[in-house]
Amino acid sequence: MGLKAYLDDIVEAVVTTAKGMRITARYGVDPKEETTMQYPEERWEIPEGYRGFLHNDVKKCTACTMCVKVCPIDCISLESVRGADKRMVLASYDINIGRCMYCGLCVEVCPPKSLKHTSGYEMASVARGELILHFIEEDAAEIKARVARQVAEAAAKAAEAAKVEAQAAAKAAEIPSSGTKPAEEKKPE
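My numbering applies: residue 154 is where the sequence shown begins, and numbers increase by one.
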């Protein structure tokens, strides 16, 4: 490398530094331009379409498991049981936001639209277990036991109703169904 190339490099370094300092000085001196945000008190406005933490409205959720099937990293887990009315009842619904990559696939495939992205983005924690969001507070075993009791009660009611219906059908079979009255006995004259 010659002396001319060395001096050209020095000139280029001074020129580019001057350009950078000019931009910095323009923002640093202009009182209208405020670039520092006082973070805990002030926050950026979240743009529409931002994909923050996931939230599931368990009252609307049908336990179809579409979100679990489409999740590429298996951060969503749910347990469900079939209730007395033949609909699925959620026993547990958990999302591990420590693993979630916020791709939005689960939100797109959710039929009842119960799963949504929130605007939340702050969840610092010391333990990984704190990053698992539990949407159903009741224990899954308790829910399963309660639903099993409801199913058993419904089955008992259905069996009782079928028994009453069978008795009514048997009673109806005893009466002639031809619509004619039985022949009257003739009196001797």
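Where is the CB? At the ideal position from N, CA and C, for every residue including glycine.
- Within the DSSP secondary-structure output, R235 pairs in a beta bridge with M241.
- In this structure the region 245 to 259 touches the region 218 to 235; the number of beta carbon pairs closer than 8 Å is three or more.
- Nearest neighbour of D210 by Cα position, chosen from V164, T271, I296, K324, turns out to be T271.
- No Cβ-Cβ contact shorter than 9 Å links G251 with L207.
- When the Cα atoms are used, Y192 and K297 turn out to be separated by approximately 45 Å.
- Shown here for Y274: same chain residues with a beta carbon closer than 6 Å to its own, the five before and five after excluded, namely G205 in chain order.
- It is roughly 8 Å from the alpha-carbon of C214 to the alpha-carbon of L268.
- If you compare the alpha carbons of R302, E261, G155, G202 with that of R235, the shortest gap goes to R302.
- The three-state reading of DSSP puts I248 in strand, counting E and B together.
- If you look at K324, you'll find it in the alpha helix (DSSP H) that goes 293 to 327.
- Taking C-alpha positions only, R240 is separated from N249 by approximately 26 Å.
- Separation of the CB atoms of C220 and V262 is rounded to 7 Å, and the pair is thereby assigned contact status at 8 Å.
- Within a 10 Å sphere around the beta-carbon of Y203 sit fewer than 16 other beta-carbons, which makes this residue exposed.
- No Cβ-Cβ contact shorter than 9 Å links I176 with L243.
- Cβ contact annotation for L286 (same chain, cutoff 7 Å, sequence separation greater than five): D247, I248, I250, in chain order.
- Residue A237 holds the alpha-carbon nearest to the alpha-carbon of E306 among A321, A294, A237.
- For Y159 and E165, the gap between their C-alpha atoms comes out near 10 Å.
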